[in-house]
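This report refers to the structure that appears directly beneath it.
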Amino acid sequence: MTRGKTWLACVAAAVTTLLVAAPAHAQGYPTKPITLVVPFAAGGPTDVVARLLGGTMTRTLGQTVVVENRVGAGGTIAAASVARAAPDGYTFLIHHNGMGTAPSLYRKLSYNPLADFEYVTQVVDVPMTLVGRKDLPAKDFNELLAYLKANGTKVNLAHAGLGAVSHLCGMLFRQAVGTEMTTVPYQGTGPALNALLAGQVDLLCDQTTGTAPHIKAGTVKLYGVTTTSRLKLLPEAPTLAEQGLPGFQVVVWHGIYAPRGTPKEVVDRFGNAVRGALKDAAVLARLTELGAVVAADDKLTPTGLQTWLQQETQRYGPVIKAAGQFAD
Ligand code: MLT
């Protein structure tokens, strides 16, 4: 090869490398399947929302949105992996309140939720329910309190790990009623709910996206909802607040994140596809059946998510630190 040809070959190789490594830009994006990482097990509330969105987004984006469950450590394994992923528009994370609680719960967190991501959009808000196995002897909330007092640590409360909202809700409930229980961790509330249905555990605090069909079918006992007023979806169900736990409130919010450095046009394109899916009639109908409410318009933006996450991180930080409840 002559010297000129060698130089040309080097330039061509460099250009090819640049093209391969270059981040995706909105024009032409996406050209291959996109991974949406879910930090909890398949079949659980986060997974249900991700798959519902993913199906519609696959049609609008023209590429498959592949939902991948990366479970463990209360959602922090998934978040860490997305923080480290290539910022090329092909990896996103859907996560909930756990993004705000993790920095206080985990002293050795390998990522910073407030610095290592691009903020795409919030998604839905979902209330929680305190449910028991179908054959639990307590038929209502008052009987449950008596049952808890009588049985203490013989009562099993399932949850999805430290940092999961089912854990947060369960702990708040335990503190509010002042009785000990044995906690049983699962990799998500999908498997935790299956264990409840199989009678292997007694109680679970889970989102309506997981529990609503079972409450309606009567395959679990409902002891209360975690909002301050009753739900349209379950108007007969009393809130925990009105049954003697004043102020008891846990509502789960969800957001979508990309690795820091993902191009803005790509974040906007993916965000538009999420917002589009949230307006799709079939998606909306299913979300409504499951008790999920689309986040307010001002939260369906990158700034809306980022500002909310900052507020949530500040809100939970002092509470968790004061309680000395660390996960590591
Ligand atoms: C799930 O998707 O399994 C739940 O959101 C986990 C949790 O309780 O945080």
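So for the sequence shown, my numbering puts the first residue at 48; every next one is plus one. Don't be surprised by glycine CBs; every beta carbon is placed ideally from N, CA and C.
For the 7 angstroms CB-CB criterion, G179 and D249 form a contact. When distances are taken from the beta-carbon of G91 to the heavy atoms of the ligand MLT, the shortest one is below 6 angstroms. The criterion of a C-beta distance shorter than 7 angstroms is not satisfied by V84 and G101. Put simply, the region 258-269 does not touch the region 133-152. Fewer than three CB pairs are less than 8 angstroms apart.
Taken in chain order, the complete beta strand (DSSP E) segments of 3 residues or longer contained in the region 179-267 are 203-206, 229-232 and 250-254. Across the structure, T266 and H301 are spaced so that their CA atoms are roughly 27 angstroms apart. The beta carbons of T286 and V272 sit closer together than 7 angstroms.
Distance from T176 to D253 at the Cβ level is roughly 6 angstroms; contact confirmed, criterion being Cβ atoms closer than 8 angstroms.
Counting C-beta pairs closer than 8 angstroms gives three or more between the region 201-218 and the region 229-239, which meets the contact rule. Under the 10 Å beta carbon count, Q358 is surrounded by fewer than 16 other beta carbons and is classified as exposed. Distance from the Cα of Q296 is smallest, within the candidate group K268, V173 and V313, for V173. Judged by their CB atoms, K196 and T226 are nearer to each other than the 7 angstroms cut-off.
Residue range K311 to K326 is occupied by the alpha helix (DSSP H) that includes A324. Distance from the Cα of V129 is smallest, within the candidate group L99, T107, L108 and P160, for P160. Residue environment: T255 is assigned as buried (16 or more neighbouring CB atoms within 10 Å of its CB, all protein chains considered). The three-state secondary structure of V118, taken from DSSP, is coil. Collapsing the DSSP output to three states places A305 in a strand.
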